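Since the structure comes first, as structure tokens, the remarks are kept for the end.
Numbering (our numbering), first residue to last: 16 to 113.
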């Protein structure tokens with residue numbers, strides 16, 4: 016296992032940033048139910064149409080930010096996995112040919 020880590024050394028940034036953005040995505044997705052509860056408590060019960068629209072727009076913004084974080088996470092994950100696989104495959108071919 017430790018021998019395989021040397022092929023990932025060039026992708027440290029992607030290996031760190033990928034899970035970080037996945038964490039951010041999870042946080043934004045988990046905040047949505049709390050915002051919905053606030054919308055119900057503060058907007059619907061008080062019949063405040065302005066608050067309902069404001070909270071709804073915030074919920075849409077949180078969803079979009081979560082989506083952007085997911086896309087960035089997948090981007091970094093694909094770079095790291097493709098690079099790792101390419102380097103491992105190249106070393107394997109080099110070993111077989113010698």
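The C-beta atom is built at its ideal place from N, Cα and C for all residues, glycine as well.
Model, not experiment: these values are computed from the prediction.
- The C-beta of residue 41 has fewer than 16 other C-beta atoms within 10 Å across all chains shown, which makes the residue exposed.
- From the listed residues 38, 103, 82, 70, the smallest Cα separation to residue 21 is found for 103.
- Membership of residue 112 in the alpha helix (DSSP H) is indicated by the continuous run 64-112.
- Non-local beta-carbon contacts of residue 29 in its own chain, meaning distances under 7 Å to residues more than five positions away in sequence, involve 91, 94, 95 in chain order.
- Judged by DSSP in its simplified three-state form, residue 60 adopts coil rather than helix or strand.
- Assignment of residue 51 by DSSP, reduced to helix, strand and coil, places it in the helix class.
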